[in-house]
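I have placed the structure first, in the form of structure tokens, so that the comments after it can refer back to it.
2 protein chains.
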Amino acid sequence: MSEVYAARRTCLRERCNAGGSAAALVSRPANVRYLAGAAPHGAVLLLGKTEDLLVCAGPPGDRPTEGRPDELLSVRVLPGPGGDPAVAATGLAVAQGAESLAAEDHHLTVVRHRAMRSVAPRLRLTDLGQAVEQLRVVKDEEEISCLRIGAEIADQALGELLESILVGRTERHLALELERRLVDHGADGPAFPTSVGTGPHAGRRGHRPTDRRVEEGDFLSVCLGATYRGYRCEIGRTFVIGTSPADWQIELYDLVFSAQRAGREALVPGAACRDVDRAARQVLDSAGYAENLPTLTGHGVGLEIDEDPQLAPAAMGKLDACVPVTVEPGVHLPGRGGVRIDDTLVVRPEADGGPELLTITTKELLAL
Amino acid sequence: MSEVYAARRTCLRERCNAGGSAAALVSRPANVRYLAGAAPHGAVLLLGKTEDLLVCAGPPGDRPTEGRPDELLSVRVLPGPGGDPAVAATGLAVAQGAESLAAEDHHLTVVRHRAMRSVAPRLRLTDLGQAVEQLRVVKDEEEISCLRIGAEIADQALGELLESILVGRTERHLALELERRLVDHGADGPAFPTSVGTGPHAGRRGHRPTDRRVEEGDFLSVCLGATYRGYRCEIGRTFVIGTSPADWQIELYDLVFSAQRAGREALVPGAACRDVDRAARQVLDSAGYAENLPTLTGHGVGLEIDEDPQLAPAAMGKLDACVPVTVEPGVHLPGRGGVRIDDTLVVRPEADGGPELLTITTKELLAL
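Each protein sequence line maps, in turn, to chains Y and G.
At position 20 of the first sequence the residue is numbered 20 (the UniProt record's numbering), and the sequence of numbers has no breaks.
At position 209 of the second sequence the residue is numbered 209 (the UniProt record's numbering), and the sequence of numbers has no breaks.
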């Protein structure tokens, strides 16, 4: 794996050099992990003029770390507590002869930036912008395989839940049970707080589980994901409780299903992100639900659960092959509930069989 | 409750006015919640010249919110997605005639600060510093009662675990079960990721649970906490698995127990934070464990699990009455394990009976 991290750092270094900076400071934890293999609490990565350094706030024993730091990378640990690795790294950049340093202005606070400036008043601080986030958008097969395993784990956890009795149990209990099953099946942990919505809560994006119990006739929406080796996937399904769904439930489900399928089918390399969003959205719009739609119908996933690209009406940019995204349209009717269907897929060229579906739990309307 | 939030805002406003700013922008979520009753995702609080406003990123239905916004407070919701409430609030401050605005430079990123500057080039942006964090240090009885309930919940969850069979179960399972029990007993959720360490992992602060199983003869350290109405408490205990602890285990346990008691007994209004730390630390130091100690032996708790004050060798400041803190010395011997004992207490004057212990689970060395 070490070569992978070194290659990523080379790639970033080239972008920095092209932008006129010989050195870069990466502070956002997911970006540090992407380039260094691990992101100990508070650690920053310096791409220096002569050497790359992972600068850590304290001894590694003090705080456990996910991932393992790249062995090719030198590690510096600040001696005492209270030091800021970003400030220390700035000093190290100057010691290496850097005249300018590109930093992540969208992550550093004003106070940290000021402290960096004060230890190196002659250093020119520039903005690295979202350079690392942009590198992270297209995944390699190793990364995709972590997402695939995470998706399998989420599918298993969800499948087991469906075999159990649901009526009478609370949203909170169901969410906790799902999270326990994720860990049982080998996840590092949940990729995000598991959402379980019943009855009027069903179909709400990001609904936080309450003490409401599952009742006959409810819609039940579940959204969960596993983290596997740092990579986060997402699956969402909606079910009906009881033997026979009501007509309005079948109608709404079919509509959201069509929208989600339209979104999935629009996932081709080169497609504009806003066109994928529009493909899903217009199915719901034209059925009169324009007011009940979420602001986005999908997003990238990876080391974070919400990454670029966004699938939304104002999104810029196009999809590339090997970009994993969610497709997750939904309709929520206040007071009545609703439907969301959410998959994680990888954009693939048509020649390779089109989009690769990672979350394979059925999307038929199941009555449980 | 509304009067409480209004009084807190008045208090902050007076500090700002004294510092020469007629308006303040609060962006750190726990600070927003403290002053507004709730912190919807991304929301900021403007203390304006003529009106206080809670500026939210999107409609409240989109993202669930903990707490309920103070009814005395006007709420503005940004119309479209992608807007930054901090930038919008800056514009609103100018519209109210503010010439300067004090912002939380330790929370705002460089990019957000730049965007605020660009919408209001004539506005003087100053640093509010940790003014709200300082207000939060001393708690009122309502806040302490939330912490007390949280501590009861954590005690219950821990007590139930101790009644079950532990040998053969993994750290991860025990941690998940504890978190489930916290929620069962009415917690909003865990106050922080539950830590369970067995054998060589026991006694490590912040140990992340692994698949190691509990064995006869192990030390078992558990650290958990409940969030109740936003307030977070913490309890940590160490046990021995099996009928009779080894001599070294009894010795180490007694030592950490003495250190923790010394720390608790040093909690009096007016005591220097570093003296409380020293009281606990010197017991362990003089037994030869100076190398095996954590960087702090306690910290404040409240809306966040790690607040001011810090109980550490270099800490400044003194304790006031009604400040809740943890006292949590520990010794970890690499390869062998160790002991941590952690309570949440409220500093109270001697006349009121001295420090109030919120986490009442026994600190005898239990063999389970």
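Even glycine gets a Cβ: it sits at the ideal position worked out from N, Cα and C.
- What is the residue span of the beta strand (DSSP E) that Arg205 of chain Y lies within? No beta strand (DSSP E) holds Arg205 of chain Y; DSSP gives it neither H nor E.
### Message
Counting only Cβ-Cβ distances shorter than 8 Å, please list the residues of the region 305–316 of chain G near chain Y, keeping chain order.
### Response
The residues in question are Ala312 and Ala314.
**Test: Val183 of chain Y CB closer than 8 Å to a CB of chain G** = Closer than 8 Å to some Cβ of chain G, the Cβ of Val183 of chain Y qualifies, so yes.
Presumed contact (8 Å Cβ cut-off) between Leu73 of chain Y and Ala36 of chain Y, rounded CB distance
Right, the Cβ-Cβ distance comes to about 6 Å (below 8 Å), so this counts as a contact.
inquiry  = Using beta carbons (cut-off 8 Å, strictly below), is His299 of chain Y in contact with chain G?
reply    = Not an interface residue.
Cβ distance (whole Å) where Thr194 of chain Y is taken to contact Leu220 of chain Y below 8 Å:
Rounded, the Cβ-Cβ distance is 13 Å, inconsistent with contact.
Discussion item. Rounded to the nearest angstrom, what separates Val111 of chain G and Leu45 of chain Y at their Cα positions?
Written reply: When rounded, the distance between both Cα atoms is 20 Å.
* Asked: Within the 8 Å Cβ cut-off, does Gly58 of chain Y reach chain G?
  -> At a cut-off of 8 Å, the C-beta of Gly58 of chain Y has a neighbouring C-beta in chain G.
Discussion item. Between the alpha carbons of residue 388 of chain G and Glu328 of chain Y, how many angstroms are there, rounded?
Written reply: This structure cannot settle anything about residue 388 of chain G, because the visible part of chain G is limited to 1 through 368.
Q: Could you check if Met116 of chain Y is buried or exposed, using at least 16 other CB atoms within 10 Å of its CB as the buried criterion?
A: Around the beta carbon of Met116 of chain Y, a 10 Å sphere encloses 16 or more other beta carbons of the protein chains shown; the residue is thus reported as buried.
- Message: Between which residues of its own chain and Ala262 of chain Y is the CB-CB distance below 6 Å, once the five residues before and five after are set aside?
- Response: Take Ala262 of chain Y, set aside five residues on each side of it, and the residues of its chain with a beta-carbon closer than 6 Å to its own are Ala279, Ala280 and Val283, in chain order.
| task | Alpha carbon to alpha carbon, how far is Val137 of chain Y from Gly270 of chain Y? Give it in angstroms, no decimals. | result | Going from the Cα of Gly270 of chain Y to the Cα of Val137 of chain Y covers about 14 Å.
Check your understanding: Would Ala191 of chain Y be called buried (16 or more neighbouring beta carbons within 10 Å of its own) or exposed?
Key -> Per the 10 Å Cβ criterion, buried.
Inset, instruction - Within 10 angstroms of the Cβ of Val167 of chain G, are there 16 or more other Cβ atoms? Answer buried if so, exposed if not. - result: By the 10 Å Cβ count, Val167 of chain G comes out exposed.
* Kindly confirm or deny that the region 314–323 of chain G and the region 339–351 of chain G touch, where touching means at least three C-beta pairs closer than 8 Å. => Counting Cβ pairs under 8 Å, three or more are found: they touch.
Is the beta carbon of Ala93 of chain Y sitting closer than 8 Å to the one on Ser27 of chain Y?
Contact: no.
Take Leu162 of chain G as the anchor and find which of G:Val214, G:Asp52, G:Gly48 and G:Ala120 has the nearest alpha-carbon. Each of G:Val214, G:Asp52, G:Gly48 and G:Ala120 was checked against the Cα of Leu162 of chain G, and the nearest Cα belongs to G:Val214.
Mind listing which residues of the region 82–108 of chain G have their C-beta closer than 9 Å to chain Y's C-betas, in chain order? Against chain Y - using a Cβ distance shorter than 9 Å - the residues of the region 82–108 of chain G are Gly82, Ala103, Glu104, Asp105, His106, His107 and Leu108.
Which residues does DSSP list as the beta-bridge partners of Asn100 of chain Y?
According to the sequence as given, residue 100 of chain Y is Ser; it is not Asn. Looking at the DSSP assignment, Ser100 of chain Y forms a beta bridge with Y:Arg124.
query = From what residue to what residue does the alpha helix (DSSP H) around Val4 of chain Y run?
reply = Per DSSP, the unbroken alpha helix (DSSP H) holding Val4 of chain Y starts and ends at Ser2 to Ala18.
Check: How is the alpha helix (DSSP H) around His185 of chain Y delimited, first residue to last?
Finding: Premise fails: His185 of chain Y is in no alpha helix (DSSP H) and is neither H nor E.
For this session: Flag Thr238 of chain Y as yes if its beta-carbon sits less than 8 Å from any beta-carbon of chain G, otherwise no.
Result: Answer no: the Cβ-Cβ gap between Thr238 of chain Y and chain G never drops below 8 Å.
Please state if the CB of Pro209 of chain G and the CB of residue 371 of chain G are separated by a distance shorter than 8 Å.
A query on residue 371 of chain G cannot be resolved here, the shown segment of chain G reaching from 1 to 368 and no further.
Next on the checklist: So, for Ala102 of chain Y: in the same chain, excluding its five sequence neighbours on each side, which residues have a beta-carbon less than 6 Å away from its beta-carbon?
Outcome noted: Closer than 6 Å at the Cβ level, and outside the excluded window around Ala102 of chain Y, lie Cys16, Ser21, Ala24, Thr126 and Leu128.
Looking at Ala312 of chain G and Leu296 of chain G, is the spacing between their C-beta atoms short of 8 Å?
Note that the C-beta distance between Leu296 of chain G and Ala312 of chain G is below 8 Å.
- [ ] Please name the residue or residues paired with Glu250 of chain G in a DSSP beta bridge.
- [x] As written in the sequence, residue 250 of chain G is Ile, which differs from the Glu given in the question. BP columns for Ile250 of chain G are empty, so no partner.
Those residues which DSSP pairs with His299 of chain G across a bridge
Answer by DSSP bridge pairing, in chain order: G:Gln310.
Less than 8 Å between C-beta atoms, sequence neighbours within five positions excluded: which residues of the same chain meet that for Glu51 of chain Y? Closer than 8 Å at the Cβ level, and outside the excluded window around Glu51 of chain Y, lie Ser74 and Gln96.
field: Inter-residue spacing [alpha-carbon to alpha-carbon] between Val4 of chain Y and Leu267 of chain G
entry: Rounded to whole angstroms, Val4 of chain Y and Leu267 of chain G show a C-alpha spacing of 52 Å.
- request: Determine whether the Cβ of Lys363 of chain Y lies closer than 8 Å to any Cβ atom of chain G.
  value: No, its Cβ sits nowhere closer than 8 Å to a Cβ of chain G.
**Message:** Please identify, using Cβ separations under 8 Å, the residues of the region 203–222 of chain Y that lie next to chain G, in order along the chain.
**Reply:** Taking 8 Å as the Cβ-Cβ cut-off against chain G, the residues of the region 203–222 of chain Y that qualify are Arg204, Arg205, Gly206, His207 and Arg208.
Exercise. Hey, could you find the ends of the beta strand (DSSP E) Leu47 of chain G is sitting in?
Key: From DSSP, the beta strand (DSSP E) with Leu47 of chain G extends over Val44 to Leu47.
Taking the straight line between their C-alpha atoms, what separation do you get for Glu143 of chain G and Ile165 of chain G?
The alpha-carbon separation between Glu143 of chain G and Ile165 of chain G amounts to approximately 36 Å.
For Pro355 of chain Y versus Arg264 of chain Y, is the C-beta spacing smaller than 8 Å? The Cβ atoms of Pro355 of chain Y and Arg264 of chain Y sit closer than 8 Å to each other.
For a quick check, are the C-beta atoms of Val339 of chain G and Val256 of chain G less than 8 Å apart? Yes; because the gap between Cβ atoms is below 8 Å, this pair is in contact.
Should Arg180 of chain Y be flagged as near chain B, meaning a C-beta pair shorter than 8 Å? No chain B is present in this structure, whose protein chains are Y and G.
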